[in-house]
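Below: the structure, in C-alpha cells.
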Amino acid sequence: MKYRHSFFLVPALVLISTVCTTQALAHKVIVFAWPEDGQVHIEAGFGGKRPAKNCEITASDSAGTPVYKGTTDDLGRHSFAIPEGYASDMTIVLKAGPGHKGSWTIAADEFMDSQEPSPQSDAPAPKNTAPKNNPLNQGTDPMKIIAGIAVIFGLAYVARRFRAKKNTEQP
Amino acid sequence: MHISEGVLSGTVLGAGAAVAIGCTALGLKKLDDQKMVHTAILASAFFVASLIHVNIGPVSVHLILNGVVGLLLGLAAFPAILTALALQSVFFQYGGLTALGVNTLIMAVPAVAVHYLCRPLLGRSSQLNFVAGFLAGTLSIMGACLLLGAALWFTDEQFMATSVAIITGHVPVMIIEGLITGFCVSFLMRVYPEILPKKVMLT
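For the protein sequence lines, the chains are A and B, in the order given. Here the first sequence stands for residues 30 to 200, where the numbers follow the working numbering. Here the second sequence stands for residues 7 to 209, where the numbers follow the working numbering.
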C-alpha cells in the first residue's frame, strides 16, 4: 500500500503525454530538405505544425564549404536553386535560437534527377509537395513513451537489487 | 531547453560530461534505497513533461518539471534527470548524447539548488507549501536559462544578450511551472507526504 499512488501516477503520466503529444515534439528542431525541379526545398519546424519561422539556413557541400545562405519564411519554408554543376552531398543546417540547431543531408545522387534549373528560382516551396517521408509529419510514438518509463523503472529495480545485494554481503 | 548536437564546443561538452558524471555519482551515493520508486516516478514525470505542450496565445511552450524533481529528490535529481534526458535523446532525439552532460547540468543544478533553497519552507502550512513549490518551479527554470546562456557563452555567444533572450522566451514556462509545481507539492503534502524529504515530514 505504500506505493499505491505510484500505480495511479504512472498511468496518468502516460495518458497525459500520449494525449498531448499526438503531433507535438518539444523544441526539437526538425529540418527536411529535398531536391526537385532544379531547386532545393526546405521545411523546418518543431513538430506539432509549429514552423521554424525566420531561421537562418546554411547549405554546405561535403567539404563543409557554404554554398548558400537564406532564411525561412513564416511557414518555416525556403527554396533555392541548386548551384550549377553541383554534384556532392549537401548539408542544410538551420539555427533556431540559442542552443537549437537542426540539420538534414541530401545525398549527391538525389541531385541527379533535379539539376534542371527552374525559371522560378528562389520562389517559396509549393504546398504539399514534400515527400511522404517528411519527418515533420511524424508524430510521437506512444510506445516510445511507455518504453522510456519502463526503462526508468527497470533501472530503478536493478539499482535497488544491486544495493540490496551489496548490503547483505557486508558484515 | 535542450541544447542540440553540434552547438557547443568539444571543451564545453567534455567539461559538462565530466562534471555531470561526478554529480551523478554523488547523487547515486546519496540516493536512499527506500526512495528508489519515488525517484523513478519523478524521473518518468520529467521524461514525459517535455512532450506536454501548453499553448498560450501564439506561444507554445513545454513543461520541464526540474523544479519538482529537485525539490523532492535533492542530489538524487542528478541520476534521475540524467536518465530521463538520455531516454529523451534516444527515443525522441531531444538534445543529443554528446550534449547529455551539459543538458543534465543545465536541468539538474538549478533543481538541486531549489531543493536547498525552498525545502525549509515545506511542512509549515499549506500556503507555504504552495509558495515553496511555486518558487522551486520558477527559480529552477530561471537557473536553467542562466546555465544555458553560460554554456553558449563558453562556446561563442554573448552571455548577457543570450541569457536575456532565453529568459524572456521562458517567462511563460516559469509561471506555468511555478503554478504546476506549487499545486503538485501542495497535493503531495496532503495525500502522499512519504514522497517528500524526511526532514519536512512533520505532519
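Just so you know, even glycine gets a beta-carbon here, dropped at the ideal spot from N, CA and C.
Interface flag, residue i vs chain A, CB-CB below 7 Å
i	result
residue 12(B)	yes
residue 110(B)	no
residue 2(B)	Examination of residue 2(B) is not possible in this model, given that chain B is present from 7 through 209 alone.
residue 172(B)	yes
residue 38(B)	no
residue 97(B)	yes
residue 137(B)	no
residue 53(B)	yes
residue 89(B)	yes
Per-residue DSSP class, three states only, for residue i
i	result
residue 121(B)	helix
residue 42(B)	helix
residue 16(B)	helix
residue 208(B)	Here residue 208(B) scores only 43 on pLDDT, less than 50, and its place in the model is too uncertain to base an answer on.
residue 198(B)	coil
residue 182(B)	helix
residue 113(A)	coil
residue 139(A)	helix
residue 71(A)	strand
residue 53(A)	Because the pLDDT of residue 53(A) is 34, which lies under 50, any placement of that residue in the model is unreliable, and the number read from its coordinates should be weighed accordingly. If DSSP states are grouped into helix, strand and coil, residue 53(A) belongs with the strands.
residue 95(A)	strand
residue 150(A)	Note that residue 150(A) scores a pLDDT of 49, beneath 50, so its modelled location is shaky; the value from the coordinates is reported in the next line. Coil, per DSSP.
residue 108(A)	strand
residue 169(B)	helix
residue 100(A)	strand
Residue range of the alpha helix (DSSP H) that includes residue i
i	result
residue 144(B)	132-161
residue 202(A)	The shown model of chain A, from 30 to 200, leaves out residue 202(A), and the question about it has no answer.
residue 97(B)	83-98
residue 73(B)	72-79
Proximity below 7 Å, CB of residue i to CB of residue j
i	j	result
residue 181(A)	residue 46(B)	yes
residue 133(B)	residue 57(A)	no
residue 87(B)	residue 110(B)	yes
residue 81(A)	residue 133(A)	no
residue 84(B)	residue 177(A)	no
residue 130(A)	residue 13(B)	yes
residue 74(B)	residue 190(B)	yes
residue 59(A)	residue 107(A)	no
residue 84(A)	residue 110(A)	no
residue 71(B)	residue 53(B)	no
residue 187(B)	residue 143(B)	yes
residue 107(B)	residue 22(B)	yes
residue 117(B)	residue 76(B)	yes
residue 172(B)	residue 149(B)	no
residue 140(B)	residue 192(B)	no
residue 145(B)	residue 120(B)	yes
Under 7 Å from the C-beta of residue i: neighbouring residues of chain B
i	result
residue 185(A)	42, 43, 45 and 46
residue 247(A)	Within the shown structure, residues of chain A are numbered from 30 to 200, placing residue 247(A) beyond reach of any answer.
Within-7 Å CB hit, residue i to chain B
i	result
residue 201(A)	Residue coverage of chain A in this structure runs from 30 to 200, which leaves residue 201(A) outside it and unanswerable.
residue 189(A)	yes
residue 195(A)	no
residue 57(A)	yes
residue 52(A)	Because the pLDDT at residue 52(A) is just 33, under 50, the model does not fix this residue reliably, and the value given afterwards should be weighed accordingly. So no, residue 52(A) is outside the interface.
residue 106(A)	no
residue 198(A)	no
Residue i - containing beta strand (DSSP E), residue span
i	result
residue 62(A)	59-65
residue 87(A)	85-90
residue 7(B)	No beta strand (DSSP E) contains residue 7(B), which DSSP labels as neither H nor E.
residue 120(A)	119-124
Chain B residues whose Cβ lies nearer than 9 Å to that of residue i
i	result
residue 127(A)	9, 13, 154, 155, 158, 163, 168, 169, 171, 172 and 175
residue 176(A)	93 and 97
Closer than 8 Å at the beta carbon, the chain B residues around residue i
i	result
residue 131(A)	10
residue 60(A)	Here the premise fails: no neighbours, minimum Cβ distance about 11 Å.
residue 173(A)	97 and 98
Cβ of residue i within 7 Å of any chain E Cβ
i	result
residue 187(B)	Looking at the structure shown, chain E is missing, and the protein chains on hand are A and B.
Partners in chain A for residue i, counting only beta-carbon separations shorter than 8 Å
i	result
residue 71(B)	Those within 8 Å of residue 71(B) in chain A number zero; the least Cβ separation is about 10 Å.
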